[in-house]
Every structure is written in C-alpha cells, then in structure tokens.
Amino acid sequence: GSSDRRILSTTARPRLFDNDDPSMARRYDSRTTTFSPEGRLYQVEYAMEAINLAGSTVGVLAEDGVILAGEKKTTSKLLDQAKQHEKLFQLDDAMFCAVAGITSDANILINRLRLTAQQHAYSFSEPMPVEQLVTSICDYKQGYTQFGGLRPFGVSFLVAGYDVHHGFQLYHTDPSGNFSGWKSYAIGVNNNTAMQIMRQDWKPGMKLQEALELTAKVLVKTMDTASPTAERLEFGIVYKTPEGHVKFRMLKDTEINKLMADATPKEGEEAAASAS
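As structure tokens, then:
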C-alpha cells in the first residue's frame, strides 16, 4: 500500500541529517509551517535575514528616558517628509517603535499595536504596560510561523516606552515572535559593529544626553556615509518632563545635525585614532 511506498522512499535517502546538503534547505523551505529534519524552520530564518539588510536601527536606555534612532534608506529631496516616517512610529503617549525590515508588513503590525494600546486604555482606564503590548504583538507574529502556511511578517521592532511598573524600557522583537528586553540594542545593517560599541560604552545610570551621544557615535560607525545628517536619520525619545509627565517627541533636524557633527571624528582625530 501507500505506507510501504513511503517507507521505501525514506530508506532511499540515507543522508537525512546531512547538514551540508543544499537540497535539504530547498526541500523544507517552501512552507513556514514545516520543520526540516534538523528541527529548523527555514522560512522564519530567512525572514530574520531580511532584517539584516535594513537601515541601521539603534535603541538606548537611559536613566531618565529611552532613545530610538534609525537610518532612512529612501532619501530624495522630492519626498514630502512631513507626511510620513520610515523608521519611527508613535504607538501611544509614552511608547514608540523603530522598524527594520519590510515597511509594508510593519504598517499592519503598527496599526495593530496602536489599536491594542487604545483598547487596553479604554477597558482599564490606564495606559498599557510596555511588555504586555510587546507580548501581544509577538503572539500574533508567532501565529504566522505555525498556522495556515502563510509567510511570517518580515519585521523586527525596537519598542521603547515607559510604564509605572518598570519605568523606561526597551524591547526587541523578531519575525519568529521572540522578544527580549535590552539596555541597548541594534538591528539592521552593521548591527554587530553597533552592538560591540554599545557593549563597551553603555553604562548604568546614563543620562539622556549621554545616551543620545552614544546613539550618534554608533550611527556614525554603522552608516555608510562619512558625515551623516538629519536628512538620513530619525531620532525619537520618551522622557520625563521636570513636572514628572512622560512624553514622546521626535528630535528636530537641528538637534540631530548637532549630535551627528559632534560624534563625527574630525580630520586630525581620525589620523590619531588610526595611529593608536
């Protein structure tokens, strides 16, 4: 019967666990919901690879605030930047996110994040805790790796925000539906370089200004232009006002340009740094 044929066909493939076999990936990568024999989901892994091609995206947690910054890939002086953001999106009064990956996929998830946050506020008369919002979107992303054979969302988020339970927070999510909390994190192009700098330079108790300077330093190293300016960048912060209110705002172009200019090594310094 058919079961005999199945047994025959598997015995005819003794190299079932040969990791070097390129046809192995091809055989199991057509559907997201099918495991390969080594227990991998290739489509989900490929979705994560897509993130590594996105513009540099950096998040840094400070004592008195949290920062996200991202490199814009589409820059044209004909673009009307007032009407759209490419990297940073506000979710509610005290939360915003940075996007790396396929922007059209991200738009679906951002709408869902905003709606979830408002539904929570409506039901419970208080802002949604950051981790709860991150968990909800990750549960949704995870569903696409398990049911229906649809492709996963090709999007990673850095979510930054504030709540009364844990203060300022920074989370990273990926297409598999995993998330993790960080003191500082980078996704997108050259993220290894960025993480290395932040491992060395991030320290507990950093104030917002120091953290902004660190973010600028990281972006100078990861971006492929010698002198990055506001035209290529978006910066946003969630911070506490002197009165104790938590607010979100985008940095102005003049602020971004000053940060980047201060972080860009001058001609003399560059020579000294390479000599040492």
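One point on numbering: in the numbering used here, the residue at position 219 of the sequence shown is 220, and numbering is uninterrupted. For each residue, glycine too, the CB sits at the ideal point set by N, CA and C.
Asked, Found
"Closest by CA to arginine 200, which one among Val239, Glu50, Val59 and Leu42?", "Val59"
"Look at valine 221 and threonine 255 and say whether their C-beta atoms are less than 8 Å apart.", "no"
"With DSSP collapsed to three states, give me the class of tyrosine 240.", "strand"
"Going by DSSP in three states, arginine 250 sits in which element: helix, strand or coil?", "strand"
"When DSSP builds the beta bridges, which residues end up paired with tyrosine 172?", "Val160 and Gly182"
"Compare the C-alpha of serine 177 against each of Ala101, Lys142, Arg113 and Phe169 and name the closest.", "Lys142"
"Short of 8 Å in beta carbon distance, which residues of its chain neighbour arginine 152, apart from the five on each side in sequence? Order them along the chain.", "Thr33, Gln44, Ala48 and Tyr145"
"Residues in the same chain with beta-carbon distance under 8 Å from threonine 226, minus the five sequence neighbours each way, listed in chain order, please.", "Arg233"
"Would you kindly report the start and end of the unbroken beta strand (DSSP E) that includes phenylalanine 90?", "89-93"
"Measure from the alpha carbon of aspartate 1 to the alpha carbon of each residue in Asp81, Leu209, Trp203 and Glu132, then state which is nearest.", "This structure gives no information on residue 1, because the portion of the chain shown stretches from 2 to 277."
"Exposed or buried, serine 105, counting other C-beta atoms within 10 Å across all chains shown (16 or more means buried)?", "exposed"
"Using beta-carbon positions only, say whether isoleucine 68 and valine 61 come within less than 8 Å of one another.", "yes"
"Give every residue of the same chain whose Cβ lies closer than 6 Å to the Cβ of threonine 223, excluding the five residues on either side of it in the sequence, and list them in chain order.", "Ser57, Asn191, Thr194 and Ala195"
"In the DSSP output, which residue or residues are listed as bridge partners for threonine 58?", "Gly71 and Ile188"
"So the beta strand (DSSP E) methionine 224 belongs to, where does it begin and stop?", "Note, methionine 224: premise wrong, no beta strand (DSSP E); not H, not E."
"Assuming proline 36 is part of the alpha helix (DSSP H), what are its boundary residues?", "Here the sequence assigns phenylalanine to residue 36, which means proline is not the residue at that position. Where phenylalanine 36 is concerned, there is no enclosing alpha helix (DSSP H), given that its DSSP letter is neither H nor E."
"Please state if the CB of valine 156 and the CB of glycine 237 are separated by a distance shorter than 8 Å.", "no"
"In whole angstroms, what separates the C-alpha of phenylalanine 180 from that of tyrosine 172?", "7 Å"
"In terms of residues, what are the limits of the beta strand (DSSP E) holding methionine 96?", "96-102"
"Please report the distance separating the alpha-carbon of serine 124 from that of leucine 79.", "43 Å"
"In the DSSP assignment, the alpha helix (DSSP H) including glutamate 132 goes from what residue to what residue?", "131-144"
"When the Cα of leucine 213 is compared with those of Ala70, Lys88 and Gly189, which residue comes out closest?", "Ala70"
"Residues bridged to alanine 63 by DSSP?", "Gly66"
"How long is the line joining the alpha carbons of histidine 246 and alanine 118, rounded to whole angstroms?", "19 Å"
"Excluding the 5 residues preceding and the 5 following isoleucine 198 in the sequence, name in chain order all residues of the same chain whose CB lies nearer than 7 Å to its CB.", "Lys218, Val219 and Lys222"
"From the DSSP output, in three-state form, read off glutamate 127 for me.", "coil"
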